[in-house]
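Numbered according to numbering that gives the first Met the number 0, the sequence shown spans residues 0 to 334.
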Amino acid sequence: MRRAVSMALTTLLAISLAACGNQTGGQNEATATSSGQGQTVKLGLTQFVEHPALDAIHQGILDGLKQSGYEEGKNLEVDYQNAHGDMNNTVSIAQKYAGDKKDLVVAIATPSAQAAAKAITDKPVLFSSVTDPISAQLVSSLEKPDKNVTGTSDKVSMEQQLKLIKTFLPQLKKLGVIYTTSEVNSEVQVKELEEAASKEGVEIIKAGISQLSEVQLAAQGLAGKADAMFIPIDNTVVSSFEAVLGAAEANKIPVFASDTDTVKRGAVATYGIDYYQIGKQTGEMAARVLKGQAVADTPVEISKQADLYINETAAGKFGLTISEALKQQAKEITK
Numbered sequence: 000m001r002r003a004v005s006m007a008l009t010t011l012l013a014i015s016l017a018a019c020g021n022q023t024g025g026q027n028e029a030t031a032t033s034s035g036q037g038q039t040v041k042l043g044l045t046q047f048v049e050h051p052a053l054d055a056i057h058q059g060i061l062d063g064l065k066q067s068g069y070e071e072g073k074n075l076e077v078d079y080q081n082a083h084g085d086m087n088n089t090v091s092i093a094q095k096y097a098g099d100k101k102d103l104v105v106a107i108a109t110p111s112a113q114a115a116a117k118a119i120t121d122k123p124v125l126f127s128s129v130t131d132p133i134s135a136q137l138v139s140s141l142e143k144p145d146k147n148v149t150g151t152s153d154k155v156s157m158e159q160q161l162k163l164i165k166t167f168l169p170q171l172k173k174l175g176v177i178y179t180t181s182e183v184n185s186e187v188q189v190k191e192l193e194e195a196a197s198k199e200g201v202e203i204i205k206a207g208i209s210q211l212s213e214v215q216l217a218a219q220g221l222a223g224k225a226d227a228m229f230i231p232i233d234n235t236v237v238s239s240f241e242a243v244l245g246a247a248e249a250n251k252i253p254v255f256a257s258d259t260d261t262v263k264r265g266a267v268a269t270y271g272i273d274y275y276q277i278g279k280q281t282g283e284m285a286a287r288v289l290k291g292q293a294v295a296d297t298p299v300e301i302s303k304q305a306d307l308y309i310n311e312t313a314a315g316k317f318g319l320t321i322s323e324a325l326k327q328q329a330k331e332i333t334k
């Protein structure tokens, strides 16, 4: 009898020790994943549409992660999906990531971020290049995110952009703006632009679109009504900028932009941010979250500096003069 009891106790002790060993191993695996060691981190990377600014963000995110210890092909598995400007695709991609149980999802641009935030509630979601995260209902506070969502904003001053346009066109009376009515970030920018314009005595002529195929027609419509055209940070319009530029050049109406890559493609000028750097900033934030930092302790970050970018060739095509003061102020002048 004693021997039977002794054997039973020995068996129970062995089971108990085995259970403790398994529990410790699980904790170590979780720590390894969050610290960038051991297990491979599964990252979902979703992008709304292809254009140079968003592509630069994409590369910046990967470089920011790599610099922080997460390298694709080593300890980082990247599932990249592009929605190609289709809202329905953003939802499908987000639902796929939710089903795949990614460790973290990074969404580039507002539509992709909104879809990811709605579909994924049990894993961290970081956004990049969202102009107004509060209006997009991604966070209720920039300083203290209250859900599983945080990221970086590419917000720039519409008042500053309007003053820049008036530096080139002092007699500006009518400014045409093309924007996507379904993009919250675009609506926010247009509203701010209208507020700034009312103080400057400038009328804003709006051309709202709902899909990519409408961009060229909208640009042609504005060409006969406005003194100049302005492209906000709007992913659909920016991805089809050449259609806008064609209408602008045909009618000798200067076109200005909000992002630096569009200036390189033929817009006259902007006060813009470095999209590669904001992508890298997002990648570094993602790495901190993977290493254990709570999303609630990861405030939304906004680019603190907007630099002047000028396209000298574009200015010449539209018959505009670049003052020496602007040349001295410019961070980059495209020839």
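Here a beta-carbon is modelled for each residue, glycine too, at the ideal position from N, C-alpha and C. Quick caveat: nothing in here was measured; it's all calculated off a predicted structure.
Asked: Exposure label - L103; buried when at least 16 CB within 10 Å; Found: buried
Asked: Neighbour-count burial assignment, N27, 16 or more Cβ in a 10 Å radius; Found: For N27, the predicted model reports a pLDDT of 30, less than 50, meaning its position is unreliable and no value from the coordinates is stated.
Asked: Boundaries (first-last residue) of the alpha helix (DSSP H) holding E248; Found: 240-249
Asked: Short Cβ contact (8 Å threshold) for S181 with S209; Found: yes
Asked: Where I332 sits in the DSSP three-state scheme; Found: strand
Asked: At least three beta-carbon pairs within less than 8 Å, the segment 156-172 to the segment 181-200; Found: yes
Asked: N27 in three-state terms, based on DSSP; Found: Note that N27 scores 30 on pLDDT, short of 50, meaning its location in the model is unreliable; the coordinates nonetheless yield the value given after this. Three-state result, N27: helix.
Asked: Cβ contact (3+ pairs, closer than 8 Å) linking the segment 162-172 and the segment 86-102; Found: no
Asked: C-alpha gap between S238 and D145, whole angstroms; Found: 33 Å
Asked: Residue burial classification, L216 (beta-carbon count within 10 angstroms, cutoff 16); Found: exposed
Asked: Nearest residue (CA-CA) to I332, options M284, E300, R264, K303; Found: R264
Asked: Alpha-carbon spacing of P169 relative to K224, whole angstroms; Found: 18 Å
Asked: Touching by the beta-carbon criterion (3+ pairs, under 8 Å), the segment 40-48 and the segment 264-279; Found: no
Asked: Coil, strand or helix - V294 by DSSP; Found: helix
Asked: Option in I321, A106, P298, A112 with minimal Cα separation from Y308; Found: I321
Asked: Sufficient close CB pairs (3 or more, under 8 Å) joining the segment 278-289 to the segment 53-62; Found: yes
Asked: For Q136, the nearest candidate out of A115, V155, A314 (CA to CA); Found: A115
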